[in-house]
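K.L.:
The listed protein sequences correspond, in order, to chains A and W.
Read in order, the letters of the first sequence are residues 1 to 836 in my numbering.
Read in order, the letters of the second sequence are residues 837 to 1121 in my numbering.
The following block contains the structure, expressed as structure tokens.
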Amino acid sequence: MGCLLWRDKRARRALGMAMAMILIASAAGCGSGGGDSAAGTEGGPGGAPSAEGGDGNGAGGQSGGKGRFLEQGIFFPERVSSVEAIGMREDGALLAIGYDESAQRYCALISDDLGGSWDSALIDGGLSGDARCAAISRDGTGVLLDASGNYVAIKFEGNPSDGGDEPADSSPSMDGGGLSPGGARNDVEFAIGGDDGSDGGETGGNGSDGGSGEDGGSDGGAFSCSVSTGSILLPSAFGGKNGVSCAAYAGDGALLVLDLDGEICRVDALSGKLISAERLKTDIQEPVEYFMTAGSHVLAVTGAGVRQMDASSGKAEDDGALREATEGMDLRSAQDGAYPIAFAEGSEEDSVVFACHEGLFYHQDGGSVCEQLLGGDLSSIGDGSFYFKSVLALGEASYLVLGEDAMGTKAYSYGYDAQAASMPQGELSVYALEDSVALQQAIAIFQRQNTDIYVKKEIGLSGEDGVTAEDALRSLGTDIMAGDGPDVLILDGMPVDSYIEKGILADISPIVEEVMDDPGEGLFENIAEAYRRDGKIYEMPSHFFVPLIVGDEEALDACGSLNKLADYAERLAAENPDRHVLMPMTAEGLLNELFYMDSASWSLESGAPLEEDVREFLSCARRICDLNDYEGGAPNPDVTNYSISGGTLYGSLNFGETYRFSQGTLLSFGTAANLDNMMTLSAWERSAGGDYRLFGGEDASFVPYVSAGILAGQEENEAARGFVRLLLGKEYQSVSRDGFPVNRAAISDQQRVQRGYMMGFAGADGEMNVADVDALTEGQLDRLIGELGSISNVAQTDRVVQELVVGEGLRYLLGEADLDGAVSAIMQKVGLYEAE
Amino acid sequence: MKRNKYKGLIFLLPSLIGVLAFYLIPFLDVARRSFSKAMGGGFAGLSNYREVLSNQAFRLAAGNMLRFLIVCLPILLCLSLAVAALLKAAGDAAGFFESSFLLPLALPAASIALLWQAAFGGKGLVNGVLEGLGMEAVDWMGGGSAFGVLVFTYVWKNLGYDVVLWLAGISSVPAELYEAARVDGAGRVDCFCRITLPLLRPVAVLTAALSFLNSFKVFREAYLVAGDYPQEDVYLLQHLFNNWFRDLSIDKMSAGAVLIALSVLVPACCFRDRGRDDWQGRDGR
């Protein structure tokens, strides 16, 4: 039969046509299939369609569909510096427990208009120390717990009076979501109850005068609370006293707390002075790091990922979809009771909603997928520095997220707008060789301010595909040549000089000067001027970090040059043969740090450093490296660059200081990256009678971070200009702590929100020591600003030169090449690079 | 006859379109860009050529490439011919060796780079052997020996391919010629020098042309072993073009590409004419 068919000419043609059609159809299928994702676009939670289809990461495609979740900031009264917990009572009132900065006490907050305005009341006494965690249940009960298990239980009763409060400023402001100066408050003092500690006094009413910060007094209004205090006695695996690290209310009203053994304990009612908690008999073996509840379910984060269990029995439940959706996320880092993910009960029974940096997700119990409602890249929660405290389903297709970033508590509500375009109509593409937390923060803020523009972040080195920086740059070059280049370039690691020479970058001096001349902003003029060429500015960093040396007067005298530093280090080693001079570092890490410190002092000839400078650099580096005499080498050889790691700028000096004070090393130098670094440095040095000084003395240098430029031809692109303006502006720079801000107002803002704390560390003798880390004083800040404002040299930032110097220098430090050979190789290769 | 001629053209048309679309037209665009500024497309005259010809890196790379060709081509052609002659003389027993010589050609460049790093690294196999023999370790890829390593790589990789070409040529020599020569008292050497070599001239032209073109591919190994900026003796034109592309120096890259294309095309055309003459000479024998 087959042979007959083959002999028939028409049949052969028909077969050929059919094959061709199949090929074309399959090719078309390949082309169109990429947009499907598990997120889907079918009915979403509470009847709201999912806003995110498209590419599977929540960004969605550029479809012309309508409907998406829109973000709004929620603002608390001005005096409330942090909010520990938020919940929704069954009658729809929002309840919160926060900290009143002006009264230095915790307070209860209530809002009956979904956060539009708040009534607040102070909670007097109750906890001897800082609260460790807080929780609010749907029946209007809240609890504040310290680390020892002491609690204050709060019963929210009634509602805020209609005229008793001024609306909080809910319009998007330059401060973003969070604690708005416009928030009004009416305070009521709670009296702690009788001696038995069981029943607190009841206080009722709230201010009706809409007072501006004054206690409203009790006038018999609707809002009232009662408080009680006591302690929760937690079982301990080791017989000692146990503590609390996390708490949440289950759907049946029981309080669940996490003890320090990583076990969840259940407290059925907070009554009595001493309440015993019972551990949930769960079959989940891994210790729980933190947990939240969603109705009758507990969502616990363990070392193995997210696990779901029943809140009453502790029995593990099927959590495949949740585990799959959260797989690969870094869920284990936490920050003061805020976490990388938050869970809550969805608007429908047995549903879970969770928020993380990837976005807002919805999961119906028993379902096979988690549906993405909102992409992190389209909202503030995509900011890598934002940590979550709570997520709440406010109703059908409406959610609230509470969390913390560097500037404090932030809360956002997300409502579904059926008329909004499913994706923003405009697009701004931002290209960077490497992703960074600082860039994510900038994009999140820009996205919040410009809901009609989608910021497309393109990263050359994703770390997932083996692409080298050279490959990424060639690919970028091809796009630029094809007229398909990005609008904004983050120029860190790029051949900026070559781009300027070719006319690829636009002059951004008007933007820089606008920020510089703005009386409410201001830039470090020395930083801006370091980038001016022929009156134009083509790139400008948003942040920078500086090499420093710390210690006594003798150490500070060694900061003049690398040679002096090496002399001093060798002298220390000779005088203290039984002690380590430096913290353990890889040779590569050390070379990179020394490169940041010394490269600005090199003389250049046709762009290439002089041979004697390179020779001195390598010989000093070798002398210092030889003092790095730890057996077995550095403890973490994966860390090759101590200043920048994993997209976060740390500043290496703190590592050195930690070793110096805890392990007794003799010398610490490196880079300081932000005011927090300076706080801890000040604390260390205050205890030792030391000080800090910029390395290089009068020729001190700075290392730029997140340098931005606009592609030529895009200078009239308002979105591109706006993004660069935002990078240099106070709002972004106040929040981002990756580097010292180039914005003068931002550095003052950062100092204003600094909070002191106590830092415990084990000394070299094993004894526990405590250091008070205080916020920088005005005097310290003025000194720092003065010093930062005096730096005019930019460290050598050419990635190729740094790689060549470090690469060849490493061979010398490891003894694989002699000094002459290493210097000769560097000079030859750098010479070639410059000759090209 | 005429109809058949047009039929042939129709069959050639797809490949002609491919060559036009992917080679000739882009090359014409490159030629145009070589007279333009990097960005904006303004006319630059011959300044790009002047800049390229005075560029130290270009001179070094072009010199290295020329030196590489002068050293490598004779070594490869002679060695592969010798091996082919030996294999032919060995007869059927040489089958295994024929295949094994082709093996390096089948290895991906990345694997070869790994192999070379393991062999010629600072603490690699070769240095291990040297130190075992009481000699000093050599910085094979960082010193003057880098060029030798590159030549060795090229010869090792392409030897099998050339051997196969030579073997094909040797096999095509009519056996009667050898028989007649032997009858006249010629020995093996006489047969090889007076019959085989003259008749291999067309194959020699083809083999030389292919080896010449293959020599430009050695960059892959050099790049994978030593990166963008290798020891200066193994800094080749492709390194330079790669780096120019990274820095978006399209103007210099275009001018350099035109110069290289001309310098490749001219000898290639000579080879082609010589080869055609040889084949015609052989046909007219």
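The beta carbon of each residue, even a glycine, is placed where N, CA and C say it ideally should be.
Under 6 angstroms Cβ to Cβ from Phe661 of chain A, same chain only, skipping five residues before and after it: list those, please.
P.N.:
Taking the first sequence and counting its residues from 1, one reaches residue 661 of chain A at position 661. Hits under 6 angstroms: Trp684.
K.L.:
Just verifying my parser: in three-state terms, what is the DSSP assignment at Leu299 of chain A?
P.N.:
For the purposes of this step, residue 299 of chain A is taken as the residue at position 299 of the first sequence. Here Leu299 of chain A sits in strand by DSSP.
K.L.:
Going by DSSP, which residues form a beta bridge with Phe695 of chain A?
P.N.:
For the purposes of this step, residue 695 of chain A is taken as residue 695 along the first sequence, with counting starting at 1. Phe695 of chain A is not bridged to any residue.
K.L.:
State the start and end residues of the unbroken alpha helix (DSSP H) segment that holds Asn891 of chain W.
P.N.:
Here the question's residue 891 of chain W lines up with position 55 in the second sequence. From DSSP, Asn891 of chain W is part of no alpha helix (DSSP H); its letter is neither H nor E.
K.L.:
So for Glu286 of chain A, helix, strand or coil by DSSP?
P.N.:
Translated into positions along the first sequence, residue 286 of chain A becomes position 286. It is coil, neither helix nor strand.
K.L.:
Give me the subset of the segment 862-894 of chain W whose CB atoms are less than 7 angstroms from a CB atom of chain A, sorted by chain position.
P.N.:
Residues passing the 7 angstroms Cβ filter: Ala874, Met875, Gly876, Asn891, Gln892, Ala893.
K.L.:
Pull up the distance between the alpha-carbon of Arg368 of chain A and that of His580 of chain A, whole angstroms please.
P.N.:
Position 368 of the first sequence, counted from the first residue, corresponds to residue 368 of chain A. Position 580 of the first sequence, counted from the first residue, corresponds to residue 580 of chain A. Looking at the sequence shown, residue 368 of chain A is not Arg but Ser. So the alpha carbons of these two residues sit roughly 56 angstroms apart.
K.L.:
In this structure, what does DSSP give as the bridge partners for Ile504 of chain A?
P.N.:
In the first sequence, the residue the question calls residue 504 of chain A occupies position 504. Ile504 of chain A is not bridged to any residue.
K.L.:
Quick check for students: name the residue ranges of the alpha helix (DSSP H) that lie wholly in the segment 367-454 of chain A, counting only runs of 4 or more.
P.N.:
Runs found: 437-449.
K.L.:
List the residues of chain A that Trp1080 of chain W touches, going by C-beta distances under 9 angstroms, in chain order.
P.N.:
Within the second sequence, numbered from 1, the residue matching residue 1080 of chain W stands at position 244. Neighbours of Trp1080 of chain W on chain A, chain order: Glu836.
K.L.:
Under 9 angstroms Cβ-Cβ, which residues of chain W neighbour Ser429 of chain A?
P.N.:
As a first step, residue 429 of chain A must be located in the first sequence, where it is residue number 429. The premise fails here: Ser429 of chain A is roughly 18 angstroms from chain W at the closest Cβ pair, so nothing lies under 9 angstroms.
K.L.:
For Leu1101 of chain W, collect the residues of the same chain with a Cβ closer than 8 angstroms to its Cβ; drop the 5 residues on either side in sequence, then sort them by chain order.
P.N.:
Position 265 of the second sequence, counted from the first residue, corresponds to residue 1101 of chain W. Cβ within range, chain order: n/a, list empty.
K.L.:
For Ala574 of chain A, count the other beta carbons within 10 Å of its own beta carbon; 16 or more makes it buried, fewer makes it exposed. Which is it?
P.N.:
As a working mapping, residue 574 of chain A is identified with position 574 in the first sequence. So Ala574 of chain A counts as exposed.
K.L.:
Please tell me whether Leu523 of chain A and Asn674 of chain A are closer than 7 angstroms, where the distance is taken between their beta carbons.
P.N.:
Counted from its first residue, the first sequence places residue 523 of chain A at position 523. Counted from its first residue, the first sequence places residue 674 of chain A at position 674. No, Cβ-Cβ distance for Leu523 of chain A and Asn674 of chain A is not below 7 angstroms.
K.L.:
Mapping DSSP to helix, strand and coil, what is Met494 of chain A?
P.N.:
Reading the first sequence from its first residue, position 494 is the one you call residue 494 of chain A. Residue state, collapsed to three classes: coil.
K.L.:
What residues from the segment 958-970 of chain W come within 9 angstroms of chain A, judged by C-beta to C-beta, listed N to C?
P.N.:
Answer set for the segment 958-970 of chain W: Gly958, Lys959.
K.L.:
When the cut-off is 7 angstroms and only beta carbons count, does Ser498 of chain A lie next to chain W?
P.N.:
Here residue 498 of chain A refers to the residue found at position 498 of the first sequence. Taking Cβ atoms only, chain W reaches closer than 7 angstroms to Ser498 of chain A, which makes this a yes.
K.L.:
Whose Cβ in chain W lies nearer than 8 angstroms to the Cβ of Met481 of chain A?
P.N.:
Against the first sequence, residue 481 of chain A aligns to sequence position 481. Chain W residues near Met481 of chain A: Leu1084, Ile1086.
K.L.:
Rounded to whole angstroms, what's the CA-CA distance from Ala338 of chain A to Trp952 of chain W? Just pull it up for me.
P.N.:
The count along the first sequence starts at 1 and reaches residue 338 of chain A at position 338. The count along the second sequence starts at 1 and reaches residue 952 of chain W at position 116. Each residue's Cα considered, the two are about 51 angstroms apart.
K.L.:
Could you tell me the alpha carbon to alpha carbon distance between Gly92 of chain A and Leu394 of chain A, rounded to whole angstroms?
P.N.:
For the purposes of this step, residue 92 of chain A is taken as the residue at position 92 of the first sequence. For the purposes of this step, residue 394 of chain A is taken as the residue at position 394 of the first sequence. Their backbone Cα atoms lie some 8 angstroms apart in a straight line.
K.L.:
Secondary structure at Ile791 of chain A, three-state DSSP: helix, strand or coil?
P.N.:
Within the first sequence, the letter at position 791 stands for residue 791 of chain A. Coil at Ile791 of chain A, not helix or strand.
K.L.:
Select from W:Arg886, W:Asp865, W:Tyr1071 the residue whose C-alpha is nearest the C-alpha of Gly877 of chain W.
P.N.:
Numbered from 1 along the second sequence, position 41 holds the residue referred to as residue 877 of chain W. When each option's Cα is compared against that of Gly877 of chain W, the closest is W:Asp865.
K.L.:
Going by Cα to Cα distance, which pick from W:Phe956, W:Gly970, W:Leu966, W:Val1000 is closest to Ser936 of chain W?
P.N.:
As a working note, residue 936 of chain W is residue 100 in the second sequence. Comparing Cα-Cα distances from Ser936 of chain W to each of W:Phe956, W:Gly970, W:Leu966, W:Val1000, the minimum goes to W:Val1000.
K.L.:
Could you check the C-alpha separation between Ser1160 of chain W and Asn1079 of chain W for me, to the nearest Å?
P.N.:
Residue 1160 of chain W falls outside the range modelled here, since chain W spans only 837 to 1121, and no answer is possible.
K.L.:
Gln72 of chain A lies in the beta strand (DSSP E); which residues open and close that run?
P.N.:
Here residue 72 of chain A refers to the residue found at position 72 of the first sequence. Unbroken beta strand (DSSP E) run through Gln72 of chain A: 66-76.
K.L.:
Can you find the residues in the same chain that come closer than 6 angstroms, C-beta to C-beta, to Asp350 of chain A, ignoring five residues on each side of it along the sequence?
P.N.:
Working through the first sequence from its first residue, we reach residue 350 of chain A at position 350. Excluding sequence neighbours, Asp350 of chain A sits near Asp365.
K.L.:
DSSP puts Pro944 of chain W in a beta bridge; with which residues?
P.N.:
To locate residue 944 of chain W, count along the second sequence from 1; it is residue 108. In DSSP, Pro944 of chain W forms no bridge with anything.
K.L.:
Taking the alpha carbon of Ala897 of chain W as the reference point, which residue from W:Cys1105, W:Phe1081, W:Gln1067 has its own alpha carbon closest?
P.N.:
Along the second sequence, read from residue 1 onward, the residue named residue 897 of chain W stands at position 61. Residue W:Gln1067 is the option with its Cα nearest to Ala897 of chain W.
K.L.:
Between the Cα of Phe1048 of chain W and the Cα atoms of W:Tyr990, W:Ala1062, W:Ile1031, which residue gives the shortest distance?
P.N.:
Looking up residue 1048 of chain W in the second sequence gives position 212. Checked all of W:Tyr990, W:Ala1062, W:Ile1031; the closest Cα to Phe1048 of chain W is W:Tyr990.
K.L.:
Spell out whether any CB of chain W is found under 7 angstroms from the CB atom of Glu816 of chain A.
P.N.:
Your numbering for residue 816 of chain A matches position 816 in the first sequence. Closer than 7 angstroms: yes.
K.L.:
From the DSSP output, in three-state form, read off Asp252 of chain A for me.
P.N.:
Taking the first residue of the first sequence as position 1, residue 252 of chain A is located at position 252. Coil.
K.L.:
Using 8 angstroms as the cut-off, can you tell me whether the segment 484-498 of chain A makes contact with the segment 709-728 of chain A, which would need three or more C-beta pairs spanning the two stretches below that distance?
P.N.:
Verdict: yes, contact present.
K.L.:
Closer than 7 angstroms between beta carbons: that is the criterion. Which residues of the segment 1046-1078 of chain W meet it against chain A?
P.N.:
Listed by position, the residues of the segment 1046-1078 of chain W near chain A (Cβ gap below 7 angstroms) are Asp1064, Tyr1065, Glu1068, Tyr1071, Leu1076.
K.L.:
Rounded to the nearest angstrom, what separates Gly466 of chain A and Ser148 of chain A at their Cα positions?
P.N.:
Here residue 466 of chain A refers to the residue found at position 466 of the first sequence. Here residue 148 of chain A refers to the residue found at position 148 of the first sequence. If I take the Cα positions, the gap works out to 48 angstroms.
K.L.:
Who are the neighbours of Leu829 of chain A on chain W, taking C-beta pairs under 7 angstroms?
P.N.:
Position 829 of the first sequence, counted from the first residue, corresponds to residue 829 of chain A. Reading the sequence as shown, one finds Lys at residue 829 of chain A and not Leu. Tyr1065, listed in chain order.
K.L.:
Which residue's Cα is closest to the Cα of Ala418 of chain A: A:Gly589, A:Glu657, A:Gly67, A:Ala135?
P.N.:
Residue numbering aside, residue 418 of chain A sits at position 418 when the first sequence is read from its first letter. Among A:Gly589, A:Glu657, A:Gly67, A:Ala135, the Cα nearest to that of Ala418 of chain A is on A:Gly67.
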